[in-house]
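Reading through the structure tokens given below for one structure.
This is how it looks when you write it as structure tokens:
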């Protein structure tokens, strides 16, 4: 079995973004019911099957396990012993419907059952016409010009009309473009309608197409399929905790050094974290240019790497370096990757600051951001305060999850400290309050771009990349798809919503200077693929992969 080791560049890899309009894969769901035993009631034919255009056979690797240890297993007779669909717990429409974790928060679950009495005429044109009717019923008459890479949940999703009793071989013949991406959407739609028989049938088909060492959509499909299965089995939370090493569940969990190496790989091959660190540091250094005492509160201290760069830069300040104090808020995954608590960061940063001759002090706040109160932050008079939120605020539950609304509570707490500047970097994605199906489409769109951006940097059969995607990316995908309510902690919001939240908390945007923009631009040009783009608008910096916005960096003041 072979895997491609070529780095696909923009001309060959990203046709998804440059298809002619008539070939664009619209974000539509053409709804078909898989008839049990493949019997079509209008023809009486049996034994019909569905098949996708085959991908080259790829070596498979074990990835996630959505089945709790107490759940029984079923063999779907997959040709691969490591198929994502093999050895999973059995489903039935009666049992599985009760496994959806939150029907109250998923308006998609109110979709009606398939309409009876529909049939497909033998004439091919009529069949195509029926497919078009379904597309229009879902996305409206303009669906033909919808770019599948830029789906906007705010545009609304129409309740679909369904075709039942169709011949699956005929379906594939009439829609040869039926591919893995569409199949994932069909499967998610079936789950949103509580049609578990159809969903499980789709899972069996899709499981033969995904591969963690394949093309970007195959790799992403493996994790999205796992998320769909975990949603049925209500195991998404346990998978998320295991992959974040909150509750290690088996001997295959990565060691501290392994997890740290996976994080380092993504840090090196993708600009998302360096974008956060470089832009935030540039703003903080600019705002603190004349301050003799600086206190930085970092709500996602991670490995502390960000502050080594800032300390190095401050050491070269004309007139001598300032006194620097950093308060680090911890998280469980960083704890595991470090192999210990914040004292490890304290020792390393203290030693580094000494080598740069920068007066330095480190304060531990080993707790979740949801638990932080003012007394934990050790703010002292005479300090110029900066607060840093790198990819962390979206983990704080808001008013849609809890009356405590830690997301806005934390912003109000920070406002009460009167900081000189607050830096915020977040994914530019809309998954916080979206219902399941819209959230699935947004996740598919966002992570398609991310997996394509990873694809140009490492060979597809690189086992370190496979492990990095599994332990640093897949957990978020599974959580967004499989979990609801308090268990769903990956809750991204678009910059527009963050602007409203911070404005209500009493902050105003700090205009980013040309110098800040140039620093990030130089980073992208010198180290990363040309398909990464940077744009300054709405008072913030947007990092994009081709036309897909991936992250924003903004600064705020009281």
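Numbering (the numbering used here), first residue to last: 267 to 824.
For glycine and all other residues, C-beta sits at the position ideal for the given N, C-alpha and C.
Computed from a predicted model, the values in this text were never measured in an experiment.
- Spatial neighbours of residue 572 in its own chain (CB-CB distance under 6 angstroms, excluding positions within 5 residues in sequence) are listed in chain order as 543.
- Secondary structure note for residue 583: it is in no beta strand (DSSP E), with a DSSP letter that is neither H nor E.
- Distance from the Cα of residue 669 is smallest, within the candidate group 771, 752 and 704, for 752.
- Straight-line measurement puts the Cα of residue 466 at about 43 angstroms from the Cα of residue 793.
- Bounds of any beta strand (DSSP E) do not take in residue 445, whose DSSP letter is neither H nor E.
- The C-alpha of residue 821 is placed about 42 angstroms away from the C-alpha of residue 456.
- Residue pairing by DSSP puts residue 655 in a beta bridge opposite 690.
- In this structure, the alpha-carbon of residue 622 lies about 7 angstroms from that of residue 578.
- According to DSSP, residue pairing for residue 822 in a beta bridge involves 688 and 775.
- DSSP, reduced to helix, strand and coil, places residue 550 within a helical segment of the structure shown.
- DSSP links residue 807 through a beta bridge to 802 and 819.
- When secondary structure is reduced to three states using DSSP, residue 696 falls in the coil class, being assigned neither helix nor strand.
- Residue ranges of uninterrupted alpha helix (DSSP H) with 4 or more members, entirely inside the stretch 712 to 791 and ordered along the chain, are 729 to 735, 741 to 748 and 761 to 770.
- The C-beta distance from residue 691 to residue 819 rounds to 5 angstroms, short enough to meet the 8 angstroms contact threshold.
- Under the 8 angstroms Cβ criterion, the stretch 649 to 658 counts as touching the stretch 674 to 694, having at least three qualifying pairs.
- For residue 564, the three-state secondary structure derived from DSSP is strand.
- Annotation: the continuous beta strand (DSSP E) that includes residue 593 extends over 589 to 595.
- In summary, residue 788 is exposed, with fewer than 16 beta-carbon neighbours lying within 10 Å of its beta-carbon over all protein chains present.
- In this structure, the beta-carbon distance from residue 609 to residue 568 does not fall below 9 angstroms.
- Taking one beta carbon from each stretch, the stretch 656 to 671 and the stretch 698 to 713 have 3 or more pairs nearer than 8 angstroms; the two touch.
- Residue 791 counts as exposed, since fewer than 16 other C-beta atoms from the protein chains shown sit within 10 angstroms of its C-beta.
- DSSP places residue 665 outside both helix and strand once states are collapsed to three, so it counts as coil.
- Residue pairing of residue 631 in beta bridges, as defined by DSSP: 595.
- Contact annotation: the stretch 722 to 740 touches the stretch 522 to 533, with at least three C-beta pairs closer than 8 angstroms.
- In the three-state reduction of the DSSP assignment, residue 794 falls in the coil class.
- CA-CA distance, residue 638 to residue 806, rounds to 27 angstroms.
- Here the alpha carbons of residue 783 and residue 776 stand approximately 13 angstroms from one another.
- By the neighbour-count definition (other C-beta atoms within 10 Å, threshold 16), residue 734 is a buried residue.
- Residue 815 is positioned such that its CB atom lies closer than 9 angstroms to that of residue 808.
- The C-beta distance from residue 732 to residue 548 rounds to 34 angstroms, too long to fall under 8 angstroms, and the pair is not in contact.
- At the C-beta level, residue 682 and residue 613 stay beyond 9 angstroms of one another.
- Counting along the chain, no alpha helix (DSSP H) covers residue 558, and no H or E run does either.
- Rounded to the nearest angstrom, the gap between the Cα atoms of residue 707 and residue 451 is 7 angstroms.
- The count of Cβ pairs closer than 8 angstroms, one atom from the stretch 466 to 478 and one from the stretch 486 to 499, reaches three, so the stretches are in contact.
- Counting of Cβ neighbours within 10 angstroms places residue 714 among the buried residues, the total reaching 16 or more.
- In the same chain as residue 659, and ignoring 5 residues on each side of it, the C-beta atoms closer than 7 angstroms to its own belong to 673, 690 and 692, in chain order.
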